[in-house]
Amino acid sequence: MYTRRTFLQTSIAASLGVAVSEKVLAYPAPLKQPKYPVVVSTWSHGLKANKAAWEILGSSGYALDAVESGVRITEADPAINSVGYGGLPDGSGEVTLDACIMDEKGNAGSVVCLRYIMHPVSVARKIMEKTPHVILADRGALQFAISQGFKEEDLLTPESRKAYETWKISGGNSPADRLNHDTIGMLAMDTAGNLAGACTTSGLAFKLPGRVGDSPIIGAGLYVDNEVGAATATGLGELILKISGSFLIVELMRNGWSPGNACREAVLRINKKFPFEKSAQVGFIAVTRNGETGGYSLKKGFDYAVCRDGINELVNADYLI
Ligand code: GLY
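First residue of the sequence shown: 5, per our numbering; consecutive thereafter.
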């Protein structure tokens, strides 16, 4: 979009006799002392995930390896009922998982509605690295995963089965539980300045079979652009999808917005367009190419974990409501 800012930048560049290049327009401006390596991830379960990611980042490892390794911790944790193994099932009692991953070159891989595989993020990475495609879904995704050596497992834990049975007994025909939203999204920047991101979820509890949220959709649940920064989302996917939340945040940062303000603007846009959605939660986190981080949520209660210099801490996000 040709904005007033672009116009001014173009005019200044022209008056200085400088060719208008991406460099002139690129934000955020580089810092003298960049704040990376860094890893940031959604919710308190991000602390454990960050720890695994930091083992790679702290020894000058690759950001893509760090985000994959980090969110695999959450995927394998049966106590977290919104991601991977132990995730609450859909309305037919099946656990279906969604995930995506992006690297510093803008490559992306995604898997939707994947059954029986504990680590959808790793399947997404294989899709990115081994196929000409970005997204594989359902049966095709499972076949691909098996062809790559992934093992089929029952992902429904006794606790999740019990929760499903309770929901069934209580009617089982209400809309999906809109408070079950604790997706993990993780963003990392390594010592070499490579950004990467991953996002993985079992989606809304008791969702309509086949429902896919924002998490595996590039630009909604996750977006990475090494020239600018990266963003990821958690919360009610339908709202995040309808504003292309993560892409929006990265584009705002490209125009000079701080990560926190860009996340806030995405939330404001959701609230303006869908003001009746007050019962839902949405949270965003972002990092700039300088390693600055920020987050913001629709409602009180969203937190995110930031790890820098080996110090891993939880930050309470600012919120609208
Ligand atoms: N944000 C996760 C989902 O809506 O599926």
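We put the CB at the ideal spot given by N, CA and C, even for glycine.
Q) Say the cut is 6 Å; is the CB of residue 218 nearer than that to a heavy atom of the ligand GLY? A) Position 214 of the sequence shown holds residue 218. Answer for residue 218: yes, Cβ within range of the ligand GLY.
Q. When DSSP labels each residue in this structure, what does residue 312 get in the three-state scheme?
A. What you label residue 312 is simply residue 308 of the sequence shown in a count that begins at 1. Here residue 312 sits in strand by DSSP.
Q) Just to confirm, does residue 113 get its C-beta within under 6 Å of one of the non-hydrogen atoms of the ligand GLY? A) Reading the sequence shown from its first residue, position 109 is the one you call residue 113. Because no heavy atom of the ligand GLY lies under 6 Å away, the Cβ of residue 113 does not count as near it: no.
Q.
Just list the residues that DSSP pairs residue 46 with in beta bridges.
A. As a first step, residue 46 is located in the sequence shown; it is residue number 42 there, counting from the start. DSSP lists 308 as partners of residue 46.
Q: Would you mind sorting residue 218 into buried or exposed? The rule is 16 or more other CB atoms within 10 Å of its CB.
A: Counting from one through the sequence shown, the residue named residue 218 turns up at place 214. With 16 or more other Cβ atoms within 10 Å, it is buried.
**Q.** Own chain, CB closer than 6 Å to residue 229, minus 5 neighbours either side, in chain order
**A.** Counting from one through the sequence shown, the residue named residue 229 turns up at place 225. If we look at residue 229 and ignore the five residues flanking it on each side, its Cβ neighbours are 254.
Q | Close Cβ partners of residue 241 (< 6 Å) along its chain, the five nearest in sequence each way excluded | A | Here residue 241 corresponds to residue number 237 of the sequence shown, with the count starting at 1. The residues are 217 and 218.
Q.
I'd like to know if the stretch 58 to 65 and the stretch 191 to 200 are in contact, where contact means that at least 3 CB-CB pairs between them fall below 8 Å.
A. The answer is yes - the stretch 191 to 200 touches the stretch 58 to 65, with three or more Cβ pairs under 8 Å.
Q) For the alpha helix (DSSP H) that contains residue 207, what are its first and last residues? A) By 1-based counting over the sequence shown, the position of residue 207 is 203. For residue 207, there is no enclosing alpha helix (DSSP H), as DSSP gives it neither H nor E.
Q. For residue 11, is the classification buried or exposed, using 16 other Cβ atoms within 10 angstroms of its Cβ as the cut-off for buried?
A. In the sequence shown, residue 11 corresponds to position 7, counting from 1. Since pLDDT at residue 11 reaches only 42, below the 50 mark, its modelled position is unreliable, and no value is offered.
Q: Could you tell me whether the stretch 147 to 157 touches the stretch 72 to 86, where touching means 3 or more Cβ pairs closer than 8 Å?
A: Put simply, the stretch 147 to 157 does not touch the stretch 72 to 86. Fewer than three CB pairs are less than 8 Å apart.
Q) Based on the DSSP output, what are the partners of residue 228 in its beta bridges? A) Translated into positions along the sequence shown, residue 228 becomes position 224. Paired residues: 234.
Q: Mind checking who residue 322 pairs with in its DSSP beta bridge?
A: The count along the sequence shown starts at 1 and reaches residue 322 at position 318. Residue pairing by DSSP places residue 322 opposite 300 in a beta bridge.
Q) Say the cut is 6 Å; is the CB of residue 135 nearer than that to a heavy atom of the ligand GLY? A) The residue labelled residue 135 in the question sits at position 131 within the sequence shown. Incorrect: residue 135 has no Cβ contact closer than 6 Å to the ligand GLY.
Q.
Please tell me whether, using a cut-off of 6 Å, the distance from the CB of residue 100 to the nearest non-hydrogen atom of the ligand GLY is below it.
A. Here residue 100 refers to the residue found at position 96 when the sequence shown is read from its first residue. For residue 100, the Cβ stays outside the 6 Å cut-off from all heavy atoms of the ligand GLY.
Q. Taking the alpha-carbon positions, what's the residue 25 to residue 309 distance?
A. Counting from one through the sequence shown, the residue named residue 25 turns up at place 21. Counting from one through the sequence shown, the residue named residue 309 turns up at place 305. At residue 25 the pLDDT is 42, less than 50, meaning the model places this residue with poor confidence; the figure from the coordinates comes in the next sentence. Linking residue 25 to residue 309 through their CA atoms gives a straight-line distance of about 36 Å.
Q) Beta-carbon separation of residue 170 and residue 201 under 7 Å? A) Along the sequence shown, one-based indexing puts residue 170 at 166. Along the sequence shown, one-based indexing puts residue 201 at 197. Result no, Cβ atoms of residue 170 and residue 201 do not sit closer than 7 Å.
(Q) Checking 7 Å against the spacing of the C-beta atoms, do residue 4 and residue 248 come in under that value? (A) Shown here, the chain extends from 5 to 325; a query on residue 4 therefore has no answer.
Q.
With three or more C-beta pairs closer than 8 Å as the rule, is the stretch 116 to 123 touching the stretch 95 to 106?
A. Contact between the stretch 95 to 106 and the stretch 116 to 123 is present, with at least three C-beta pairs closer than 8 Å.
Q.
At a threshold of 6 Å, does residue 78 count as lining the ligand GLY (C-beta to nearest heavy atom)?
A. Within the sequence shown, residue 78 is the residue found at index 74, counting from 1. Result no, Cβ not under 6 Å from the ligand GLY.
Q | residue 68 in three-state terms, based on DSSP | A | Your numbering for residue 68 matches position 64 in the sequence shown. In the structure shown, the three-state DSSP call for residue 68 is helix.
(Q) Between residue 88 and the ligand GLY, is there a pair consisting of the residue's CB and a ligand heavy atom that are separated by less than 6 Å? (A) Locating residue 88 in the sequence shown gives position 84, counting from the first residue. The answer is no for residue 88.
Q. Taking 6 Å as the cut-off, does the CB of residue 241 come closer than this to any heavy atom belonging to the ligand GLY?
A. For the purposes of this step, residue 241 is taken as residue 237 along the sequence shown, with counting starting at 1. Yes, the Cβ of residue 241 comes within 6 Å of a heavy atom of the ligand GLY.
Q: Pick out whichever of 37, 45, 33 and 32 has its Cα sitting closest to the Cα of residue 316.
A: Here residue 316 refers to the residue found at position 312 when the sequence shown is read from its first residue. The residue with the shortest Cα to Cα distance from residue 316 is 45.
Q.
Please state whether the Cβ-Cβ distance between residue 287 and residue 225 is less than 7 Å.
A. Numbered from its first residue, the sequence shown carries residue 287 at position 283. Numbered from its first residue, the sequence shown carries residue 225 at position 221. With contacts defined by Cβ atoms closer than 7 Å, residue 287 and residue 225 do not form a contacting pair.
Q) Quick one: is the Cβ of residue 161 within less than 6 Å of any heavy atom of the ligand GLY? A) Taking the first residue of the sequence shown as 1, we reach residue 161 at position 157. No - the ligand GLY has no heavy atom lying nearer than 6 Å to the Cβ of residue 161.
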